[in-house]
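Student: Numbering (this note's numbering), first residue to last: 810 to 1405.
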Amino acid sequence: RVGIIGAGVAGLFTAMLFDYLNEKYPGLNVKYELIEAEKERIGGRLFTYTFPERAGQPKIGLHDYYDVGAMRFPEVDTMKRTFALFNTLGMNHVNPQEQTPQPGDLIPYKFAGPNQPALYNGIQVVQSNGLPALSAATFEVPDIPLTMQNTAASQLIDDQIAYLMAMYKNEGGKVFWNELRKKVDPYSTLEFCETLNFGNRWYDQAASEMVLESLDFDSKAKWWCVEGGAAEIAKRMKAQIKHQDAIMHGKLVTEISYNTADIRNVQVDLKIAEEESVRTYDAVFNSAPLGAMQHMHLEGLNLNWGTKSAIRSLGYGASCKVGIRFRSLWWMSNGLDITGGGQGKTDLPIRCCVYPSYNLYDDRDQPGVLLVSYSWSQEAERIGALIDKKSPEDEHELKALLFHDLARLHSPTRDNERYKELYKIIEDNYLDHYAYDWYKNPRTVGAFAYFGPGQFSNWYSDLTKSDGKHVIIGEAASAHHAWVVGALESAVRGVYQFLWKHSAKSAQAAEATEAYNKNQIPAPFGPIPDEYNRDEDIQLPRDAKVQPEAMPSSTGEFARMQVLMESIRLKQGGDVIDPDKITKAQIIPILDVLKG
810 RVGIIGAGVA
820 GLFTAMLFDY
830 LNEKYPGLNV
840 KYELIEAEKE
850 RIGGRLFTYT
860 FPERAGQPKI
870 GLHDYYDVGA
880 MRFPEVDTMK
890 RTFALFNTLG
900 MNHVNPQEQT
910 PQPGDLIPYK
920 FAGPNQPALY
930 NGIQVVQSNG
940 LPALSAATFE
950 VPDIPLTMQN
960 TAASQLIDDQ
970 IAYLMAMYKN
980 EGGKVFWNEL
990 RKKVDPYSTL
1000 EFCETLNFGN
1010 RWYDQAASEM
1020 VLESLDFDSK
1030 AKWWCVEGGA
1040 AEIAKRMKAQ
1050 IKHQDAIMHG
1060 KLVTEISYNT
1070 ADIRNVQVDL
1080 KIAEEESVRT
1090 YDAVFNSAPL
1100 GAMQHMHLEG
1110 LNLNWGTKSA
1120 IRSLGYGASC
1130 KVGIRFRSLW
1140 WMSNGLDITG
1150 GGQGKTDLPI
1160 RCCVYPSYNL
1170 YDDRDQPGVL
1180 LVSYSWSQEA
1190 ERIGALIDKK
1200 SPEDEHELKA
1210 LLFHDLARLH
1220 SPTRDNERYK
1230 ELYKIIEDNY
1240 LDHYAYDWYK
1250 NPRTVGAFAY
1260 FGPGQFSNWY
1270 SDLTKSDGKH
1280 VIIGEAASAH
1290 HAWVVGALES
1300 AVRGVYQFLW
1310 KHSAKSAQAA
1320 EATEAYNKNQ
1330 IPAPFGPIPD
1340 EYNRDEDIQL
1350 PRDAKVQPEA
1360 MPSSTGEFAR
1370 MQVLMESIRL
1380 KQGGDVIDPD
1390 KITKAQIIPI
1400 LDVLKG
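(1) On the DSSP letters alone, give me the boundaries of the alpha helix (DSSP H) that Asn901 sits inside.
(2) Buried or exposed, going by whether 16 or more other CB atoms sit within 10 Å of the CB of Asn904?
(3) Excluding the 5 residues flanking Val1093 on each side, which residues of the same chain have their C-beta closer than 8 Å to its C-beta?
(4) So the candidates are Leu1308, Leu1107 and Ala1127; which of them puts its Cα closest to the Cα of Asn1250?
(5) Beta carbon of Gln1175, beta carbon of Tyr1164: below 8 Å?
(6) Three-state secondary structure (DSSP) at Ser1122?
(7) Determine the DSSP secondary structure at Pro1388, reduced to helix, strand or coil.
(8) Between which residues of its own chain and Glu862 is the CB-CB distance below 6 Å, once the five residues before and five after are set aside?
(9) For Asn1074, count neighbouring C-beta atoms within 10 Å of its own C-beta (all shown protein chains included) and say buried if the count is 16 or more, exposed if not.
(10) Do Asn1267 and Ser1137 come within 8 Å of each other at the CB atom, strictly closer than that value?
(11) Could you name the residues of the same chain whose beta carbon sits closer than 8 Å to that of Ile1377, not counting the 5 residues immediately before and after it, in chain order?
(12) By how many angstroms is the C-alpha of Met880 removed from the C-alpha of Leu1110?
(13) Can you tell which of Leu1231, Lys848 and Trp1140 has the C-alpha that lies nearest to the C-alpha of Asn1168?
(14) What runs of the beta strand (DSSP E), each 3 residues or longer, lie entirely inside the segment 1259 to 1320?
(15) Hey, could you find the ends of the beta strand (DSSP E) Thr823 is sitting in?
(16) Which class does Gly1335 belong to by DSSP, given the choice of helix, strand or coil?
(17) Buried or exposed for Trp1032, please, with buried defined as at least 16 other CB atoms from any protein chain shown within 10 angstroms of its CB.
(18) Under a three-way DSSP split, which group does Ile1234 fall into?
(19) Is DSSP giving Ser944 helix, strand or coil here?
(20) Reducing DSSP to helix, strand and coil, say where Glu1358 ends up.
(21) If the criterion is Cβ atoms closer than 8 Å, does the pair Gln1264 and Leu1123 meet it?
(22) Which one of Lys1233, Lys1154 and Phe1257 has the shortest CA to CA distance from Asn930?
(23) Which whole-angstrom value is the C-beta distance of Pro941 and Val934, which I expect to be below 8 Å?
(24) Alpha carbon to alpha carbon, how far is Trp1185 from Phe948? Give it in angstroms, no decimals.
(25) Note down, one range per segment and in chain order, each alpha helix (DSSP H) of at least 4 residues found wholly within the segment 1167 to 1200.
(26) Taking DSSP as the reference, what is the three-state secondary structure of Asn1225?
(27) Since Leu1179 and Pro926 should fall inside the 8 Å C-beta cutoff, what is the C-beta to C-beta distance between them, to a whole number of angstroms?
(28) Classify Lys919 as buried or exposed, calling it buried when 16 or more other Cβ atoms lie within 10 Å of its own Cβ.
(29) Tell me the DSSP secondary structure of Gly812 in three-state form.
(30) Rank Gly865, Glu1084 and Tyr829 by C-alpha distance to the C-alpha of Val1062 and give the top, closest one.
(31) I'd like to check one pair, Ile1282 with Ala819: are the Cβ atoms closer than 8 Å?
(32) Going by beta carbon distance, what residues of the same chain come within less than 6 Å of Ser1166, once the five residues before and after it are set aside?
(33) Could you pull the start and end residues of the alpha helix (DSSP H) that Ile1042 belongs to?
(34) For Asp1071, does the three-state DSSP call read helix, strand or coil?
(35) What are the boundary residues of the beta strand (DSSP E) that Phe1094 is part of?
(36) Secondary structure at His1205, three-state DSSP: helix, strand or coil?
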């Protein structure tokens, strides 16, 4: 009996994994409950906001929405599991010019297009499909070395990590991950690159995080978005779960602890707000974002210092989005002709304006939605100060800022008459808006995880290690922060750890574990993520005798000895093992392992 905390991507996929394994290995028989704090919504950061009907306004259309969370998916090697999931969910690739897409279909996402404005240092240029490059010379930015003035900001960063990118492509994932985890974390900050690429303090993070982001975020790849919004992914995942009654809403977990009433079969207790009785499980998969996890009482889990530090200290990025519903798609006309999607960029507070790819073929004279502002890091914190939790209520200052920045972004340099003209067009076309600050959500406490300097090499293993009883999953416990694939891969890793835990007692669990070790589990349910080092990151059963014949041989004796050592630490109750308290009975199994 398993408890899964959170019905976001990681939680939903964990349930799907158990459905798959229960069917493939009859007798495994894992029963699960999905425990979701939200009273109605599922999907976590797969959050699509649909504008409501309002009196005196045009009726809501099919595309009157925007993705507050995940919104675009690059078809690159690191995202293969995501697209395998899409295939499992029956999400078809559709060209809207040839047929009408249905909710849940994948349609092309236009990362760049014609006539996209960029405004920095008060200077506006209009790009077509990414050209001209945005360099220091373009915007007359002073104090940049001559050798760099004509180089795009993104290229300056890419040049520094090119050797690691080549390693991933030429030598494979396992070699790459080993190099990244053990040798990489030089650190420098380049304010100019932050300004043009992402946002202030964006590079106040590990070099490893920049490398991972570059692997995932390839603007030259094919990109896709979801007709109807990314929340359709979560809806389809939920629909595939075989036990719909296992999904429980409005259940806020307040405490997790080990139940040692039967030392031979340690269980995990959950306390739920406003519930008198404790829920007891054989294992718990905790997909709560780390900020929300820190709000739980975890003393009863006897977490080691590294795991506690990771939960407390791993960085979470701020992110805000603001979408406006307009009377017409004014950006496609009025002399702007932004007809192919893409994005406008600026150093003004709105930072990034995204022209949706899902309404490119809609009637321009009918209402539509524009993602007016997408910001990260410090800029998100600052614009977030203007966002009300009951948006769009009490956001007059925010509206004025949005109108000004939009008009200025789309106006030629120092052309005040054009600015006034566009401001009036924007103001007259405004119908409604919705703003969202992920840091104000107590269930996320931030938008997505990112490692600070040194954190990947020091804490990644602490966050992903598990004894198979309390398993931390979610994009934070992966190498692909802010992406659906990170949540998926963490779930695969977590289920693998759970199977390890039970493979001493269960022939079916041992068989499934061996299938994972031999890469016999098809996508999206397998294989084990490349970055997961089983020799270093796994912890085996601590409350049952390890039966060597039931254990897959490929993991090595090192992993078994590590489990025995972790068992000693947990029984002693301290953060580290006290050698003076080790008993003869505890040391004999370790000596047996060393002896061969």
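Glycine is no exception: its CB is placed at the ideal position from the N, C-alpha and C atoms.
Tutor: Put simply:
(1) It is not in any alpha helix (DSSP H) - Asn901 carries neither H nor E in the DSSP assignment.
(2) exposed
(3) Val811, Gly812, Ile813, Ile814, Ile1065, Val1077, Leu1079, Lys1278, His1279 and Val1280
(4) Ala1127
(5) No, these two residues do not count as a Cβ contact at 8 Å.
(6) helix
(7) helix
(8) Ile869
(9) exposed
(10) Contact check for Ser1137 against Asn1267 fails: the beta carbons are separated by 8 Å or more.
(11) Ile1386, Ile1391 and Gln1395
(12) 36 Å
(13) Trp1140
(14) 1279 to 1281
(15) Run containing Thr823: none in the beta strand (DSSP E); it sits in the alpha helix (DSSP H), Val818 to Lys833.
(16) Look at Gly1335 here: in three-state DSSP terms it is coil, with no helix or strand label.
(17) buried
(18) Note: Ile1234 maps to helix in three-state DSSP.
(19) The DSSP-derived three-state label of Ser944 is strand.
(20) At Glu1358 the pLDDT is 39, less than 50, meaning the model places this residue with poor confidence and gives no usable figure here.
(21) yes
(22) Residue Lys1154 holds the alpha-carbon nearest to the alpha-carbon of Asn930 among Lys1233, Lys1154 and Phe1257.
(23) 7 Å
(24) The straight-line gap from Cα to Cα measures roughly 22 Å.
(25) DSSP runs (the alpha helix (DSSP H)) wholly in the segment 1167 to 1200: 1186 to 1193.
(26) helix
(27) No, Leu1179 and Pro926 are not in contact; Cβ-Cβ is about 13 Å, not under 8 Å.
(28) Buried is the call here.
(29) strand
(30) Glu1084
(31) yes
(32) Tyr918, Lys919, Cys1034 and Gly1150
(33) Ala1040 to Gln1049
(34) coil
(35) Per DSSP, Phe1094 belongs to the beta strand (DSSP E) from Ala1092 to Asn1095.
(36) helix
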